[in-house]
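S.K.:
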Amino acid sequence: MSDAPEQQEVLIVTGMSGAGRSTVGNALEDLGWYVVDNLPAQMLRPLLDLAERAGDSLPKIAAVVDVRGGRLFSEAQEAVRTLRDLMPSKVRVLYLDATDAALVRRFEQVRRPHPLQGDGTLLDGILAERARMEELRETSDIVIDTSELNIHQLATTITETFAESERAGVNVTVLSFGFKYGLPADADMVGDARFLPNPFWVPELRSQTGLDSAVSSYVMAQRGARDFVEAFGRALEPVLDGYQRENKRHATIAVGCTGGKHRSVTLVGELAAHLRDLPGVAVSVKHRDLGRE
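Under my numbering, the first residue of the sequence shown is numbered 38, with each subsequent residue one higher.
Encoded structure:
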């Protein structure tokens, strides 16, 4: 395994049933990855041995590993750990997650049982899988919450995450959100903008968003706003530097306010501008809840 091609990448795709693994596999194939679906964990090492012999013919391999493997899945965590020891800078794990409510809705739409449901309810199967997947989720490099994404949005997210243009040491998504819609499950760090006065209560600003200059000027003129951006940005610098040393190539930094419309949108834009000046860091901005009100 030590003679693997320098540019070879291995991505293990896993996560909750119904969270979009098939969509992700298709999107990765469109990006030129060699995708193997429903691979038993014990076959990961032989697959990579084959890839090593293939050389540059198989530079990017994605293996979908999940509970459909039945009892064989119990060895998944150990198999992943072994691969990381063999190829520490080339193996990543992508974990797809979604809320229980979203998963129940999706299974009901396709009228299929959950693979772990057995004689129990659909929710019983989901909860059993979540418990079984907990350790893999905690050690994953990338976690994507697909609860609010349709298949096209998920495919776009994968394209943005794994496109050939990603050459930075760490790719950072700076995300605004509204606390009243729930914390983003895939956030690595979360900041809170609710300490600032809410433009929602200023009549002429209520219908505008943090993308509008009148709102952003109002937010940044408030006491503590500029200090927050500068202090949070400085605090992230050693974190992102450490991510690069540890080969964590993707991170999501979230900033929330009440509705995700005014304060968080403004601060995310300011924070992104700060992070773009850091070496080895590529930054993209997303507004999860903009337009929901």
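Glycine residues also receive a C-beta, built at the ideal position from the N, C-alpha and C atoms.
Relative to the C-alpha of serine 94, which candidate in Thr158, Gly69, Asn284 and Asp103 has its C-alpha closest?
M.R.: Ranking the options by Cα distance to serine 94, first place goes to Gly69.
S.K.: What residue from Leu153, Asp86 and Leu133 has the CA that sits closest to alanine 56's CA?
M.R.: Taking only the C-alpha atoms, the option nearest alanine 56 is Leu133.
S.K.: Please list, in chain order, all residues of the same chain as proline 316 whose beta carbon is under 6 Å from its beta carbon, the five residues on each side excluded.
M.R.: Nothing meets the Cβ criterion.
S.K.: Can you list, in chain order, the stretches of the alpha helix (DSSP H) that have 4 or more residues and sit fully within the stretch 59 to 98?
M.R.: If we require 4 residues or more, the alpha helix (DSSP H) runs fully inside the stretch 59 to 98 come out as 81 to 91.
S.K.: If you draw a straight line from the C-alpha of glutamine 263 to the C-alpha of isoleucine 188, how long is it?
M.R.: Looking at the sequence provided, one finds arginine at residue 263 rather than glutamine. Rounded to the nearest angstrom, the two C-alpha atoms are 38 Å apart.
S.K.: Is phenylalanine 199 buried or exposed, if buried means 16 or more other CB atoms sit within 10 Å of its CB?
M.R.: Buried, by the Cβ-count rule.
S.K.: Specify whether the stretch 252 to 261 and the stretch 212 to 219 touch according to this definition: at least 3 beta carbon pairs, one from each stretch, less than 8 Å apart.
M.R.: Because the criterion of three Cβ pairs below 8 Å is not met, the stretch 252 to 261 and the stretch 212 to 219 do not touch.
S.K.: Using 8 Å as the cut-off, can you tell me whether the stretch 285 to 294 makes contact with the stretch 224 to 240, which would need three or more C-beta pairs spanning the two stretches below that distance?
M.R.: Yes: at least three Cβ pairs fall under 8 Å.
S.K.: Does the distance from the CB of aspartate 331 to the CB of arginine 129 come in under 7 Å?
M.R.: Here the chain has residues from 38 to 330 only, and residue 331 is not among them.
S.K.: Let me know the secondary structure DSSP gives serine 202 once reduced to three states.
M.R.: Bear in mind that the predicted position of serine 202 carries a pLDDT of just 45, short of 50, making it unreliable; the figure below should be weighed with that in mind. In this structure, serine 202 counts as coil in the three-state DSSP scheme.
S.K.: Straight-line CA distance for alanine 272 to leucine 186?
M.R.: For alanine 272 and leucine 186, the distance between alpha carbons rounds to 30 Å.
S.K.: Looking only at its own chain, which residues have a Cβ that is under 7 Å from the Cβ of lysine 217, when we skip the five neighbours before and after it?
M.R.: If we look at lysine 217 and ignore the five residues flanking it on each side, its Cβ neighbours are Thr295 and Gly296.
S.K.: Which two residues bound the contiguous beta strand (DSSP E) that contains valine 128?
M.R.: Segment 128 to 134, the beta strand (DSSP E) holding valine 128.
S.K.: Could you check if valine 147 is buried or exposed, using at least 16 other CB atoms within 10 Å of its CB as the buried criterion?
M.R.: Result: exposed.
S.K.: Name the DSSP beta bridge partners of isoleucine 290, please?
M.R.: Val211 and Met226.
S.K.: For threonine 196, which residues from the same chain have a beta carbon less than 8 Å from its beta carbon, with the 5 sequence-adjacent residues on both sides left out?
M.R.: Counting only Cβ-Cβ distances below 8 Å, and skipping sequence neighbours, we find Ala64, Asp67 and Leu68.
S.K.: In the structure shown, what three-state DSSP assignment does glutamate 175 receive?
M.R.: In the structure shown, glutamate 175 sits in a helix (DSSP, three-state: H, G or I).
S.K.: From the DSSP output, which residues share a beta bridge with aspartate 182?
M.R.: According to DSSP, which records beta bridges pairwise, aspartate 182 is partnered with Asp134.
S.K.: Express the C-alpha separation of tyrosine 280 and glycine 106 in angstroms, rounding to a whole number.
M.R.: Roughly 32 Å between the two C-alpha positions.
S.K.: Buried or exposed, going by whether 16 or more other CB atoms sit within 10 Å of the CB of aspartate 86?
M.R.: With fewer than 16 other Cβ atoms within 10 Å, it is exposed.
S.K.: Would you grab the beta carbon distance between valine 209 and leucine 123 for me? Rounded to a whole angstrom, and I think it's under 8 Å.
M.R.: No, valine 209 and leucine 123 are not in contact; Cβ-Cβ is about 28 Å, not under 8 Å.
S.K.: Does the distance from the CB of leucine 153 to the CB of valine 50 come in under 7 Å?
M.R.: No, the pair does not count as a contact, with Cβ atoms beyond the cut-off.
S.K.: Over the uninterrupted beta strand (DSSP E) stretch that includes glycine 52, give me the two end residues.
M.R.: Glycine 52 -> beta strand (DSSP E) spans 46 to 52.
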